[in-house]
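Novice: For reference, the structure I am asking about is given below.
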Amino acid sequence: MGKLFGVILTIIALASAYPIVTHMYVQPVDISTHGHAIDEQLADTMAEAGLSFVLAQLLLAFCVWKFSNRKEGAKVFHLRGGARLVVVAAFILVGTEVLALGVLGQKAWAEVYFTSPKPDALQVQAQAGQFAFYFRYPGPDGKFGPLHPDKIDEGNQNYFGLDPANDVESRDDIVTAEMAIPVNREIHLLMHAKDVGHSFYVRELRIQQDFVPGLDLSLHFTATQTGHFEILCTQLCGLGHYNMKAYLNVLSQEDFDKWIKQKASEQ
Amino acid sequence: MEEALKSQAHAHAPAEGFLGKYVFSLDHKVIGKQYYALALAAVFIGMVLSWLMRFHLVWPNAKIPGLELIAKTGAPGGIITPEYYLSLLTMHGTLMVFFVLTNAPFAGFGNYFLPIQIGAEDMAFPRFNMMSFWTTFVAFIVLVMAFFIPDGPPISGWTAYAPLSAVGKDAGPGLGWGQNLWVISIAIFCIGQLLGSLNFIATTLDLRAKGMTLMRMPISTWAWFITSAIGLLAFAVLLPACLLLLLDRMAGTSFFIPSVLAISDRLQNHAGGSPLLWQHLFWFFGHPEVYIAILPAVGIVSHVLTNSLRKPLLSAKVIIYSMMSIGFLSWMVWGHHMFVSGMNPFSSLLFSFPTLTITIPATIITLIWLGSLYGANIQITTASFFALGFISMFVSGGVSGFFLAQPSIDIYLHATYFVVGHFHMVMGVAAIFAIFSGTYFWFPKMTGRMMNETLGMLHFWITFVGTYCIFMPFHYLGLVGNVRRYASFVDDFMPALMPLHKFITIAALTTGAAQFIFLFNLIHSRFRGKQASSNPWRGTSLEWSIPSPPPWNNFGGEHPVVYHDAHQYGVKGSTGDFVMQTSPEQILNE
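Read top to bottom, the protein sequences are chains P and U.
Counting from 0, one number per residue, gives the positions in the first sequence under numbering that gives the first Met the number 0.
Counting from 0, one number per residue, gives the positions in the second sequence under numbering that gives the first Met the number 0.
What follows is the structure, given as structure tokens:
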């Protein structure tokens, strides 16, 4: 039975590693300027964690194969070096791994969170509410009008609670249900939650950030490829959570200008 | 001396009558079994819920006969609605984390064996002990009631993030009385755990037999002791957090609800609260909770392994110190659940380092086990196989922690199935393997009968291979970006992942079905199993020095005296290759 355990565990370990080694399941193509750092970090971690996983499982399989139900009178012996060897090995192996991963990982994180958007970044406001995203562009004046939550009226398509009758800045604001951005231009995303917690997740952008009610957060990123991508909500927000999504269109500057002009005329 | 004798005096007389013996018993052994039985009920409900979820994910329109009887609005015509899917998910998580992973390895086995392993006749406070079980039982009933109220069970997940969990029924079905029951249940559960933890600590410190120094206690006793210290602090935070949430829901306060929320287009009458405050309080409890589940498992597995290897582990002391450092570090890492929550990004780095550091004691423990296997004479039993399976699961679930401990990678993997795979392996399956190992190992002591080994092996193999088939693919799904907590996979990239989801569902149904072999074995062996001797595994610790099952006062009124630690295996003793803790004989190499 000990031998069987060894064989089955070896098969499990190798079969588990197979889809990873052959890249059967991988993240989609990266379309952001910062994503490469995250992907490299993920790949490095996969190498270290994957190797630890396979080695530890094989070691376990070997020991159970070799040292199970041995013959009567078989000599029981101890690992030379004992616990001291194990503790030193753990500190060196894992200690360096921890330091390496921790320090390297900081760089990738810093690229997203420790830098400020450039002043010429395009500002877009995203509002998350049960179970839809809406987006707002500031219009020619470059300013967002203030929000009045008491004026929110979905029936009248006033998703943000704008009051253009009294607020000058709101008059040229452009509200859309899908998000379009120009390629290779930095986007400064202002995140506002209308009701409960939500999240903004675009796999290809390597971006995930919660919307927190009462706390307006912001993110900045630059898309490097044009295309049509999904924005998913990843924070449990109620019965329609699975269905809460929007599309992100990354357009050439020309197409984006056309799109925003058209949207402005529809307001 | 007089003091010591007083503490040894039994705190209660033998129980009389059915109620006194089996229901409102003061006997720690009965209470331990009650906790175990409660966990068993909870785990089977939780498992059925997971079946329903897996079934719904791959066959969303299939009718589940009879389901409409329990869930009239949640599953009309037997077809699960998206909101009922979230109810299933919430109840599954809550039942499993609180009523299974906390109850069985800690409160269940701990209650039964901690007093015996230290040579005490009962817990320090038997009445407290009874109260903590019945408090937990009430918490269970209150939670399960949520299935039967018109509003239905809550849909906010086992983490109950505010404001979704705080604003009431405007935010969706199940968030009215369903959520109230959830909060009340968890608050009551906390009280039970606080009483239990206090009792464990007092018992370990005050009621040890003569000669039982702290370092002579078995690793399992140490694990329960350390866990009770963690539990005392963790549940002391969750309890007030639940009370604040309840106040937000029922008394109109705004601890977790900020100003001007428009829910279902109705402006909420709240101002000034912080949703992140709930997350901080919840995870300050929530991360140590992981260790409340896993440290007793580490203790049980070490205890079983020491016995199965027929030689001491490389160092019991190092395992004990490693468990302590894990317990200590567990208070500095809660923020790793909140990397993308909107918390200050600098604090993410601060939380990331201690999280990665926990890998060191965890690796030491694993390497001690592996190093101890080397040169051993492993006795193959169902108990030892589950303990070895635990090591495998602990490694598999541990290495995925590397990824999630790093904020930069968490940006991509957060809230995907990768996380689900990670915590199910390391916290769920691993702890369950330890529960199984402990059950097969201690069943003879608890009932006086042996469990059937053939059925046990069958159960082990299906469970071992099955759980890998279920939870390893979760990681692959996460790498692609498959989001968790979705009732249906409507996004453009997800249909391509359906074959893998179907594979998982089939594996889950099969593995789940194999658990009925265990249930049958448990019940059958209880009445028909082979008679067990007092020491069927040739063990050294105190539970093996008394009859199986033990008499009501454990040591028959005698006061055991302890001469050795619990790790005297692979020595030349009068009884064979081991020397019992209570045996006064000299061991040369000690």
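Positions of the beta carbon are idealized from the N, C-alpha and C atoms, including for glycine.
Since we're looking at a predicted model, the values are computed, not measured.
With a CB to CB cut of under 6 Å and the five nearest residues on each side skipped, what residues in its chain are close to Asn306 (chain U)?
Specialist: Counting only Cβ-Cβ distances below 6 Å, and skipping sequence neighbours, we find Trp536 and Gly538.
Novice: Can you say whether Glu589 (chain U) is buried or exposed, counting buried as having 16 or more other CB atoms within 10 angstroms of its CB?
Specialist: With a pLDDT of 46 at Glu589 (chain U), under the threshold of 50, the modelled position of this residue cannot be trusted; read the value that follows with caution. Exposed, since its Cβ has fewer than 16 Cβ neighbours within 10 Å.
Novice: Below 8 Å on C-beta distance, what does Glu557 (chain U) contact in chain P?
Specialist: Here the premise fails: no neighbours, minimum Cβ distance about 33 Å.
Novice: Would Tyr34 (chain U) and Ala123 (chain U) qualify as a contact pair, given that the criterion is a beta-carbon distance under 8 Å?
Specialist: Not a contact, by the Cβ cut-off of 8 Å.
Novice: Between Ile186 (chain P) and chain U, is any beta-carbon pair separated by less than 8 Å?
Specialist: No, its Cβ sits nowhere closer than 8 Å to a Cβ of chain U.
Novice: Tell me the start and end of each unbroken beta strand (DSSP E) in the region 97-151 of chain P that is at least 3 residues and wholly inside, in chain order.
Specialist: Those beta strand (DSSP E) runs which fall completely within the region 97-151 of chain P and span 3+ residues are 121-128 and 131-136.
Novice: Listing by chain order, which chain U residues have their CB less than 7 Å from the CB of Arg202 (chain P)?
Specialist: The answer, in chain order, is Gly480.
Novice: If the cut is a Cβ gap below 9 Å, which residues of chain P does Lys310 (chain U) touch?
Specialist: In chain order: Val75, Phe76 and His77.
Novice: If we ignore side chains and look at the alpha-carbon of each, how far apart do Gln207 (chain P) and Gly480 (chain U) end up?
Specialist: When rounded, the distance between both Cα atoms is 11 Å.
Novice: Whose Cβ in chain U lies nearer than 7 Å to the Cβ of Gly101 (chain P)?
Specialist: Within 7 Å Cβ-Cβ: Ser351, Phe352 and Leu355.
Novice: Provide the residue span of the alpha helix (DSSP H) that contains Gly34 (chain P), from first to last.
Specialist: Segment Gly34 to Phe66, the alpha helix (DSSP H) holding Gly34 (chain P).
Novice: Spell out a yes or no on whether the region 518-528 of chain U and the region 486-505 of chain U are touching, meaning 3 or more CB-CB pairs, one atom from each, closer than 8 Å.
Specialist: No, they do not touch.
Novice: Excluding the 5 residues preceding and the 5 following Gly156 (chain U) in the sequence, name in chain order all residues of the same chain whose CB lies nearer than 7 Å to its CB.
Specialist: So the qualifying residues of the chain are Leu88, Thr89, Gly92 and Arg484.
Novice: Excluding five sequence neighbours on each side, which residues of the same chain lie with their C-beta closer than 8 Å to the C-beta of Ile586 (chain U)?
Specialist: If we look at Ile586 (chain U) and ignore the five residues flanking it on each side, its Cβ neighbours are His563, Gln567, Val570, Gly572 and Val578.
Novice: Can you list the residues of chain U that Gly144 (chain P) reaches, using a CB-CB cut of under 8 Å?
Specialist: Per Cβ cutoff of 8 Å: no residues; Gly144 (chain P) is ~16 Å from chain U at best.
Novice: Can you tell me whether Gln156 (chain P) is buried or exposed, with buried defined as 16 or more other CB within 10 angstroms of its CB?
Specialist: The residue in question, Gln156 (chain P), is exposed, as its Cβ has fewer than 16 Cβ neighbours within 10 Å.
Novice: Straight-line CA distance for Tyr17 (chain P) to Gln56 (chain P)?
Specialist: Tyr17 (chain P) and Gln56 (chain P): Cα-Cα distance of roughly 14 Å.
Novice: Keeping to the same chain, check which residues put their C-beta closer than 6 Å to that of Tyr439 (chain U); ignore five residues upstream and five downstream.
Specialist: If we look at Tyr439 (chain U) and ignore the five residues flanking it on each side, its Cβ neighbours are Thr381, Ala382, Met450 and Gly455.
Novice: Do Leu294 (chain U) and Thr226 (chain U) have their CB atoms nearer than 8 Å?
Specialist: Their beta carbons are under 8 Å apart, which means Leu294 (chain U) touches Thr226 (chain U) by this criterion.
Novice: When you check each C-beta in the region 390-415 of chain U against every C-beta of chain P, which residues fall closer than 9 Å?
Specialist: Listed in sequence order: Ile390, Ser391, Val394, Ser395, Gly397, Val398, Ser399, Gly400, Phe401, Phe402, Ala404, Gln405, Pro406, Ser407, Ile408, Asp409, Ile410, Tyr411, Leu412, His413, Ala414 and Thr415.
Novice: Mind pulling the chain U residues with CB within less than 7 Å of Gly226 (chain P)?
Specialist: The premise fails here: Gly226 (chain P) is roughly 12 Å from chain U at the closest Cβ pair, so nothing lies under 7 Å.
Novice: Measuring CB to CB, does Leu161 (chain P) end up less than 8 Å from Met190 (chain P)?
Specialist: No; because the gap between Cβ atoms is not below 8 Å, this pair is not in contact.
Novice: As a quick exercise: from U:Met249, U:Pro149, U:Ser301 and U:Glu120, pick the residue whose alpha carbon is nearest that of Pro550 (chain U).
Specialist: The option with the nearest alpha carbon to Pro550 (chain U) is U:Glu120.
Novice: Looking at the unbroken beta strand (DSSP E) that takes in Leu68 (chain U), where does it start and where does it end?
Specialist: From DSSP, Leu68 (chain U) is part of no beta strand (DSSP E) but of the alpha helix (DSSP H) over Leu66 to Ile69.
Novice: Using C-beta distances below 7 Å, list every residue in its chain close to Ala165 (chain U), excluding the 5 sequence neighbours before and after it, in chain order.
Specialist: These residues qualify, in order along the chain: Leu244, Asp247, Arg248, Phe255 and Ile256.
Novice: Around the Cβ of Ala3 (chain U), are there at least 16 other Cβ atoms within 10 angstroms (buried) or fewer (exposed)?
Specialist: At Ala3 (chain U) the pLDDT is 46, less than 50, meaning the model places this residue with poor confidence and gives no usable figure here.
Novice: What residues from chain U crowd round Ser198 (chain P), counting only those whose CB sits closer than 8 Å?
Specialist: Neighbours of Ser198 (chain P) on chain U, chain order: Val339 and Ala414.
Novice: Quick one: grab the DSSP three-state call for Met497 (chain U).
Specialist: In this structure, Met497 (chain U) counts as helix in the three-state DSSP scheme.
Novice: Can you grab the Cα-Cα spacing for the pair Val20 (chain P) / Thr44 (chain P), in whole Å?
Specialist: Those two C-alpha atoms are separated by around 13 Å.
Novice: Could you check the C-alpha separation between Gly94 (chain P) and Phe352 (chain U) for me, to the nearest Å?
Specialist: Distance between the alpha carbons of Gly94 (chain P) and Phe352 (chain U) is about 11 Å.
Novice: Which residues bound the beta strand (DSSP E) around Phe159 (chain P)?
Specialist: Segment: none, Phe159 (chain P) is in no beta strand (DSSP E) and carries neither H nor E.
Novice: Count the other C-beta atoms from every protein chain shown that fall within 10 angstroms of the C-beta of Met129 (chain U), then say buried if there are 16 or more, exposed otherwise.
Specialist: With 16 or more Cβ atoms within 10 Å of its Cβ, Met129 (chain U) is classed as buried.
Novice: Quick check on the DSSP output: what are the complete beta strand (DSSP E) runs of length 3 or more inside the region 119-158 of chain U, in order along the chain?
Specialist: List check, beta strand (DSSP E) in window: nothing returned.
Novice: Assign Met424 (chain U) to one of two classes, buried (16 or more other C-beta atoms within 10 Å of its C-beta) or exposed (fewer than that).
Specialist: By the 10 Å Cβ count, Met424 (chain U) comes out buried.
Novice: Taking C-beta to C-beta, are Tyr200 (chain P) and Thr223 (chain P) nearer than 8 Å?
Specialist: Cβ atoms of Tyr200 (chain P) and Thr223 (chain P): not closer than 8 Å.
Novice: Using a C-beta cutoff of 8 Å, does Phe97 (chain U) count as contacting chain P?
Specialist: So, not an interface residue.
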